[in-house]
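*Asks:* So the protein sequences, as listed, match chains A and B.
Each residue of the first sequence is one higher than the one before, counting from 1 in the numbering used here.
Each residue of the second sequence is one higher than the one before, counting from 194 in the numbering used here.
There are 2 protein chains.
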Amino acid sequence: MKRKFLVVCHDVRTDGAFSLNDLPGSGRADVCARCVVASLLISYGIRKDTEVILHLSGEPTPGISIRINGSSVKYLNPDERSTAALIRNALLKYREGKEVQSSPGVFVWRAGLEDILRNENVYYLKENGTPLNQLNFSGDAMFVLGDHKDLTPEEEQVVRKYARAAVSVSPISLYSEQCITIVHNYLDMLEVK
Amino acid sequence: MKRKFLVVCHDVRTDGAFSLNDLPGSGRADVCARCVVASLLISYGIRKDTEVILHLSGEPTPGISIRINGSSVKYLNPDERSTAALIRNALLKYREGKEVQSSPGVFVWRAGLEDILRNENVYYLKENGTPLNQLNFSGDAMFVLGDHKDLTPEEEQVVRKYARAAVSVSPISLYSEQCITIVHNYLDMLEVK
């Protein structure tokens, strides 16, 4: 089963005009970086069966999306700063009207949420959703969540249109990267059963 | 049930002589920072029932320990850089022979591993240990793990002397901060049952 995570990032400047010395001040590129690491990295390895997409709805060019493939990404390290540098590099190399590979395994292009969700088995990570262990997963799955902010009502409406279920990973409200870690762990445990 | 995490950090310079612009190059203060955040922070809140101790075995003063109390810590944010700054500040304020509060809820003092473990219900987080869900937890618990490096044979011997069990959280090898997130999630789920 392939795993995909789609993180909707609300405030990161999409022109990459931010400092690596102040990631929270960039519109929270630190959150994006932590979500990428939680999605793709494990101790001494990369999750080759996993892909993470950052859908950036911030100014000046809402809709820029960055896809990072576990099977081909290079230069990805667990620290926030170097991961944010990969993200910034992708934003700086963005070109209108085409998909660009900004570094090995990292792709940047412009897409609406619907374009990304349309052909996926979508699960919406949401407090008060169905607990993870009450669902049956089969085939590939794309898990959708917000960054430090919940999805807007408009974004939520689009995601719910495509989602098979809203899924809860915890009785309390957690960070996005913590939710990703828990989803992975649940599926890792399932796969060895 | 109170939760404690003890992270044995092997390479961070204990004199705090490192740059916030190169946390991996500091002896991996980035790993320490992520473990502190995973231990204490959740979305819009702090885990007041949790404490994290970093036991630093690096040069030039092995054995310096930093304890951060969820119930009283201030100025703790989820990004690596600001958390590493709290850690560095504690190291810079360390004084031989006494415990210093370097900032609200952050304490630095010198202790051997045995001093820290002696009066605790210790669980050793270790690959190939007993799966988390096969253990019965009651009372407070201290979970012990390494940073980006496993415990040395000498450290492991001390931890096993006090540990009730070696505990595994995953069928695969994960980062320390991911293990902490999974332990918390397991206990969060238990508490609402």
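Where is the CB? At the ideal position from N, CA and C, for every residue including glycine.
What you are looking at is a predicted structure, and each value in this text was computed from that prediction instead of being measured.
So, is the C-beta of Ile66(A) closer than 9 Å to a C-beta in chain B?
*Replies:* No, Ile66(A) does not count as interfacial toward chain B.
*Asks:* So, does the CB of Tyr123(A) fall closer than 9 Å to a CB anywhere in chain B?
*Replies:* False, the Cβ-Cβ gap to chain B never drops below 9 Å.
*Asks:* Do we get a CB-CB distance below 9 Å when we pair Glu176(B) with the residues of chain A?
*Replies:* With chain B covering only 194 through 386, there is no way to say anything about residue 176(B).
*Asks:* Since Ala454(B) contacts Gly256(B) with CB under 8 Å, what's their CB separation in whole angstroms?
*Replies:* In the structure as shown, chain B begins at 194 and stops at 386. Residue 454(B) is therefore absent and cannot be evaluated.
*Asks:* Runs of 3 residues minimum, wholly inside the region 67-121 of chain A: which ones carry the beta strand (DSSP E) assignment?
*Replies:* Counting whole runs of 3 or more residues, the region 67-121 of chain A contains the beta strand (DSSP E) stretches 100-103, 106-110.
*Asks:* Give the interface partners of Tyr44(A) over in chain B, defined as CB-CB distance under 9 Å, in chain order.
*Replies:* Neighbours of Tyr44(A) on chain B, chain order: Ser366.
*Asks:* Among Tyr268(B), Lys267(B), Ser275(B), Glu347(B), which residue has its Cα nearest to the Cα of Leu306(B)?
*Replies:* If we check each option's Cα against that of Leu306(B), Glu347(B) comes out closest.
*Asks:* Does the Cβ-Cβ distance between Val192(A) and Val169(A) come in under 9 Å?
*Replies:* No, these two residues do not count as a Cβ contact at 9 Å.
*Asks:* Out of curiosity, what's the CA-to-CA distance linking Val230(B) and Thr276(B)?
*Replies:* Those two C-alpha atoms are separated by around 8 Å.
*Asks:* Three-state secondary structure (DSSP) at Tyr44(A)?
*Replies:* If DSSP states are grouped into helix, strand and coil, Tyr44(A) belongs with coil.
*Asks:* When DSSP builds the beta bridges, which residues end up paired with Gly339(B)?
*Replies:* Paired residue(s): Val201(B).
*Asks:* Quick check: the Cα distance between Arg160(A) and Cys202(B), rounded to an integer number of angstroms?
*Replies:* Rounded to whole angstroms, Arg160(A) to Cys202(B) spans 43 Å at the Cα level.
*Asks:* What residues of chain A sit near Leu216(B), judged by a beta carbon separation below 8 Å?
*Replies:* The answer, in chain order, is Asp79, Arg81.
*Asks:* DSSP three-state label for Asn378(B), please.
*Replies:* Looking at Asn378(B) - three-state DSSP - the assignment turns out to be helix.
*Asks:* Cβ of Arg118(A) less than 9 Å from any chain B Cβ?
*Replies:* Not an interface residue.
*Asks:* Starting from the beta carbon of Thr374(B), find every residue of chain A whose beta carbon is closer than 7 Å, and list them in chain order.
*Replies:* Those within 7 Å of Thr374(B) in chain A are Gln178, Thr181, Ile182.
*Asks:* Check this for me: beta carbons of Arg47(A) and Tyr175(A), under 9 Å apart or not?
*Replies:* No, these two residues do not count as a Cβ contact at 9 Å.
*Asks:* Spatial neighbours of Asn128(A) within its chain, please: C-beta separation below 8 Å, excluding the five flanking residues on both sides.
*Replies:* Around Asn128(A): Ala166, Ser168.
*Asks:* Taking 9 Å as the cut-off, decide whether the C-beta atoms of Leu41(A) and Ala85(A) are in contact.
*Replies:* No. Outside cutoff.
*Asks:* Name the DSSP beta bridge partners of Thr323(B), please?
*Replies:* The partner list for Thr323(B) (beta bridge, DSSP) reads Val360(B).
*Asks:* What's the C-alpha gap between Lys98(A) and Arg81(A)?
*Replies:* Approximately 27 Å, taken between the alpha carbons.
*Asks:* From this set, Gly263(B), Val245(B), Tyr268(B), which residue's C-alpha is nearest Ile309(B)'s C-alpha?
*Replies:* When only C-alpha atoms are compared, the closest one is Val245(B).
*Asks:* Under three-state DSSP, which class holds Ala334(B)?
*Replies:* Ala334(B): strand per DSSP, three-state reduction.
*Asks:* Looking only at its chain, what residues have a beta carbon closer than 6 Å to the beta carbon of Lys342(B), apart from the 5 residues adjacent to it on each side?
*Replies:* The answer, listed in chain order, is His203.
*Asks:* Determine, using beta carbons only, whether Ala231(B) comes closer than 9 Å to chain A.
*Replies:* Yes, its Cβ sits closer than 9 Å to a Cβ of chain A.
*Asks:* Taking its Cβ as the centre, do 16 or more other Cβ atoms sit within 10 Å of Gln178(A), making it buried, or is it exposed?
*Replies:* It is buried - the Cβ of Gln178(A) has at least 16 other Cβ atoms within 10 Å.
*Asks:* Helix, strand or coil, according to DSSP, for Tyr124(A) in the structure here?
*Replies:* DSSP places Tyr124(A) in strand when its eight states are reduced to three.
*Asks:* Using a C-beta cutoff of 9 Å, does Asp49(A) count as contacting chain B?
*Replies:* No, Asp49(A) does not count as interfacial toward chain B.
*Asks:* What would DSSP say about Ser366(B), mapped onto helix, strand or coil?
*Replies:* In the structure shown, Ser366(B) sits in coil (DSSP, three-state: anything other than H, G, I, E or B).
*Asks:* Alpha carbon to alpha carbon, what distance is there between Pro364(B) and Arg281(B)?
*Replies:* Cα-Cα distance, rounded: 34 Å.
*Asks:* For the ligand GDP, any of its heavy atoms closer than 8 Å to the Cβ of Arg196(B)?
*Replies:* Because no ligand of any kind appears in the structure shown, any question about the ligand GDP cannot be addressed here.
*Asks:* Which term fits Val106(A), buried or exposed, when burial requires 16 or more other beta carbons within 10 angstroms of its beta carbon?
*Replies:* By the 10 Å Cβ count, Val106(A) comes out buried.
*Asks:* Is the beta carbon of Phe143(A) closer than 9 Å to that of Lys4(A)?
*Replies:* For Lys4(A) and Phe143(A), yes; Cβs fall inside 9 Å.
*Asks:* On the CB-based measure, 16 or more other CB atoms within 10 Å of its CB, does Val224(B) come out buried or exposed?
*Replies:* Its Cβ being crowded by 16 or more others within 10 Å, Val224(B) is buried.
*Asks:* If you reduce the DSSP assignment to three classes, tell me which class Arg353(B) lands in.
*Replies:* Arg353(B) falls in the helix class under three-state DSSP.
*Asks:* Beta-carbon separation of Asn378(B) and Asn133(A) under 9 Å?
*Replies:* The answer is no: Cβ separation not under 9 Å.
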